[in-house]
Amino acid sequence: MNQGDPTRSRRWVLHLDMDAFFASAEQLTRPTLRGRPVMVGGLGGRGVVAGASYEARAFGARSAMPMHQARRLVGGGAVVLPPRMSLYSVLSKGAFEALRLRMPVLEQLSVDEAFGEPAELAGAGADEVRAFCEELRSLVLAETGMVASIGAGAGKQVAKIASGLAKPNGVAVVPPGQQHELLDSLPVRKLWGIGPVAEEKLKRLGIVTIGGFARTPISEVASILGTTVGPGLHRLAQGIDDRPVAERADSKQISAESTFASDIVTLGQLRVAVENSGGAAFSRLEKDGRAARTVVLKLKKSDMGVLTRSVTLPYATLDRAILIATAQKQVIDPVELGPIRLVGVGFAGLSTVRQGSLFPELDQDVPGYPIDTLAEDIDDSPVAARVPEMYWHPGLDVSHPEFGHGWVQGAGHGVVTVRFETRSTGTGIAKTFAEDDALLQVADPLDSLL
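This is the structure in structure tokens:
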């Protein structure tokens with residue numbers, strides 16, 4: 001390439017973002033959903049959208065929106081499914097392992113996005129960078145079946161903005177000479193680190209674009225946003241971004257929490273909620289491979305007050321019963337505390353060194369809470385009820401010896417309708433069964449990848 005190429009950059013940072021990741025994973029493994037408005041998230045009255053397909057976004061649905069609002073926007077054609085985190089985790093791992101073949105150092109931000117800075121692109125021109133990005137997209141598609149968009153720029157800020165411009169299913173390369181033209185007219189909220197509070201402060205002073213922010217004297221920026229944060233954001237607005245791409249440190253805490261459609265008002269309900277959140281957190285801990293020493297219980301009351309309690313064990317352990325029993329020991333009866341709308345359990349003090357307890361039966365002993373007879377401490381309310389053996393809900397993976405792997409499309413009035421299909425089958429057939437049909441069994445979500 002011509003050495004005088006004005007599109008060359010001394011460094012190129014890439015930001016890869018898999019398009020509508022959660023919803024796309026559902027459409028990949030459930031062919032019936034391809035081309036339909038799919039939303040993944042909580043199904044209850046307080047549920048939120050975790051991910052929406054582009055077909056759903058066309059109606060205005062988006063991530064973090066209350067699910068009831070998104071359903072109203074999309075209408076009767078909406079397909080709402082609970083998350084299948086084990087599926088998303090496998091697809092994510094496959095994508096990023098494939099990418100590391102070309103970019104050994106990845107700064108992974110979440111299950112579906114990451115930064116990279118390929119050494120071989122240092123000094124390259126835009127055409128060479130675009131070809132490299134297309135190669136990465138092909139790699140992800142071949143490995144996982146998922147579509148990714150990639151943005152490229154001289155720093156993280158521009159690369160991330162460019163990946164948004166590349167969506168859906170594209171590549172956007174912004175050479176250094178074009179970044180000011182790109183940034184100047186964008187809303188100041190697009191700048192990494194500008195949240196709603198900072199945006200409002202700037203708006204009151206008539207600063208609404210990144211360009212306007214960049215032209216504001218740095219002394220004024222420091223007085224508005226503080227001397228610690230302000231100057232750094234001002235540099236980003238001017239296109240100065242030398243932050244390195246580096247592998248992220250291991251997470252310091254692994255947790256899971258649930259918000260309930262109806263407030264928890266009894267001890268029995270709370271015991272079950274802690275068991276379920278603790279179990280979900282433990283599954284993540286187990287996949288992480290580290291042991292935990294500190295167990296954290298988070299309770300958000302109906303008045304939005306938050307109570308957090310923690311207990312630190314004398315050793316790090318990966319014993320599920322001990323960890324969840326430790327969470328149960330911190331429970332406060334809702335009769336005393338008040339109605340509870342959110343329950344979370346977290347594990348901290350993570351270590352690769354684990355040790356068994358000398359007296360595990362004492363660690364698991366919770367007064368009034370026998371681990372092996374939990375069902376005796378449960379009332380009949382919808383929040384408290386444990387998932388019965390024959391419980392079917394939309395989105396659940398199932399299997400049948402004759403029809404193979406499928407997923408529940410609907411259930412009620414004693415019957416359950418299943419669509420039998422996987423990633424490779426194309427649109428499958430639908431069959432209806434009695435809800436107590438012994439041949440219909442709950443299945444592993446990962447089987448839908450076959």
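For reference, each letter of the sequence shown is one residue, going 1 to 450 in full-length UniProt numbering. Backbone N, C-alpha and C fix where the C-beta goes; we use that ideal spot for every residue, glycine too. Remember, predicted model here, so these are calculated numbers, not experimental data.
For I264, DSSP records a beta bridge to I340. The C-alpha of I194 lies about 30 Å from the C-alpha of V345. Non-local C-beta neighbours of V90 in its own chain, meaning closer than 8 Å and more than five positions away in sequence, comprise L446, L449, ordered along the chain.
Counted as a single uninterrupted DSSP element, the alpha helix (DSSP H) harbouring T144 occupies residues 126-144. Separation of I429 and V40 (C-alpha to C-alpha, rounded to the nearest whole angstrom) is 23 Å. For W407, the pairing in a beta bridge is given by DSSP as D397, R419.
With fewer than 16 other Cβ atoms inside 10 Å of its own Cβ, V306 counts as exposed.
Where F213 is concerned, the enclosing alpha helix (DSSP H) starts and stops at 210-214. Ranked by Cα distance from I324, the first of T266, R102, S277 is S277.
Cα atoms of D112 and F22: separation of roughly 9 Å, rounded to the nearest angstrom. The Cβ atoms of E257 and K298 lie closer than 8 Å to each other. Under DSSP, Q441 forms a beta bridge with S399. Here the C-alpha atom of R10 lies approximately 57 Å from the C-alpha atom of R271. Looking at the DSSP output, G116 bridges to L14, L106. DSSP lists A348 as the bridge partner or partners of Q253. Relative to the Cα of G395, the nearest Cα in the group E402, F403, T417, A292 belongs to T417. Look at V111 here: in three-state DSSP terms it is coil, with no helix or strand label. If you draw a 10 Å sphere on the C-beta of S92, you find 16 or more other C-beta atoms in it, and that means buried.
Separation of L267 and K431 (C-alpha to C-alpha, rounded to the nearest whole angstrom) is 40 Å.
Put simply, the backbone Cα of G125 is about 21 Å away from that of L99.
Under DSSP, M65 shares a beta bridge with no residue. In this structure, F420 is the residue among F420, G414, E247 with its C-alpha nearest to the C-alpha of H405. Annotation for F22: the continuous alpha helix (DSSP H) segment containing it runs 21-29.
Across the set V38, G47, Q328, V48, the C-alpha of V38 shows the shortest separation from the C-alpha of A58. Taking one beta carbon from each stretch, the stretch 56-71 and the stretch 11-19 have fewer than 3 pairs nearer than 8 Å; the two do not touch. Here the stretch 308-325 makes no contact with the stretch 236-243; the two share fewer than three CB pairs at distances below 8 Å. In chain order, R320, L323, I324, F347 place their CB closer than 8 Å to the CB of F282, counting only its own chain and leaving out the 5 sequence neighbours on each side. In this structure I224 is in contact with G230, their Cβ atoms being roughly 7 Å apart against a cut-off of 8 Å. The Cβ-Cβ distance between R248 and S302 does not fall below 8 Å. In the DSSP assignment, T312 falls within the unbroken beta strand (DSSP E) covering 306-317.
DSSP places R36 in no beta strand (DSSP E); its state is neither H nor E.
Distance check between T259 and each of M304, G226, A78, I240 places M304 closest, using alpha-carbon atoms only. DSSP places F433 in the strand class (E or B) of the three-state scheme. At the C-beta level, M146 and L28 come within 8 Å of one another. The beta-carbon separation of R290 and L350, rounded to 4 Å, stays under the 8 Å limit for a contact.
Straight-line measurement puts the Cα of A166 at about 24 Å from the Cα of A214.
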